[in-house]
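Asker: Residue numbers (our numbering): 2 to 103.
Take this structure first; my questions come after.
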Amino acid sequence: MLNTYETDIVAWANQQAHFLRSGNLSALDFEHLAEEIEDVGKSEQRELANRMSVLMTHLLKWEFQPARRSNSWQLIIKEQRKAIVRRLKNTPSLKSTINNNT
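This is the structure:
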């Protein structure tokens, strides 16, 4: 098997998907597959943390800079709240991440 993981991760991912779909399990790059699967979870956690950070920043601005409040801040707060709810709905296991970090 030509391992393109180091040189072209997109080609490698397509190759691994092909092996999975065709049942060619012996050709799979298990070590890198495991890493990539773990990275998906980490990516989801980072996305949630980023959205929560943006939300908290704008809530603090809203609270402590009332003279500078704007529609854009209000829209950002609203959008971040919606995005966080969607992310938690689509990935329920992230709720435990929030609870473990509080």
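Glycine residues also receive a C-beta, built at the ideal position from the N, C-alpha and C atoms.
Note that the structure is a prediction, hence the values are computed from the model and not measured.
Just the C-alpha distance for A68 and K62, rounded to the nearest angstrom, thanks.
Answerer: Within the sequence shown, residue 68 is the residue found at index 67, counting from 1. Within the sequence shown, residue 62 is the residue found at index 61, counting from 1. If you take the alpha carbons of A68 and K62, they lie about 10 Å apart.
Asker: Apart from the five residues just before and just after N51, which ones in its own chain have a Cβ nearer than 7 Å to its Cβ?
Answerer: Reading the sequence shown from its first residue, position 50 is the one you call residue 51. The beta carbon of N51 sits closer than 7 Å to no other beta carbon from its chain once the five residues preceding and following it are set aside.
Asker: For W74, I'd like the list of residues in its chain whose CB is within less than 8 Å of its CB, leaving aside the five on either flank, ordered along the chain.
Answerer: Position 73 of the sequence shown holds residue 74. Closer than 8 Å at the Cβ level, and outside the excluded window around W74, lie H59, K62 and W63.
Asker: Return helix, strand or coil for T8, following the three-state DSSP convention.
Answerer: As a first step, residue 8 is located in the sequence shown; it is residue number 7 there, counting from the start. Three-state DSSP puts T8 in coil, outside helix and strand.
Asker: Would you call Q81 buried or exposed, if buried means 16 or more other Cβ atoms sit within 10 Å of its Cβ?
Answerer: For the purposes of this step, residue 81 is identified with residue 80 of the sequence shown, where counting begins at 1. Under this definition Q81 is a buried residue.
Asker: If we ignore side chains and look at the alpha-carbon of each, how far apart do R87 and S23 end up?
Answerer: Taking the first residue of the sequence shown as 1, we reach residue 87 at position 86. Taking the first residue of the sequence shown as 1, we reach residue 23 at position 22. The alpha-carbon atoms of R87 and S23 are separated by roughly 34 Å.
Asker: Among V55, M57 and G42, which has the Cα closest to the Cα of T98?
Answerer: The count along the sequence shown starts at 1 and reaches residue 98 at position 97. It is G42 whose Cα lies nearest to the Cα of T98.
Asker: In this structure, does DSSP put I85 in helix, strand or coil?
Answerer: Along the sequence shown, read from residue 1 onward, the residue named residue 85 stands at position 84. Helix.
Asker: Assuming D40 contacts Y6 under a Cβ cut-off of 8 Å, what Cβ separation, rounded to an integer in Å, is found between them?
Answerer: Locating residue 40 in the sequence shown gives position 39, where the first residue counts as 1. Locating residue 6 in the sequence shown gives position 5, where the first residue counts as 1. Not really, about 13 Å apart at Cβ, beyond 8 Å.
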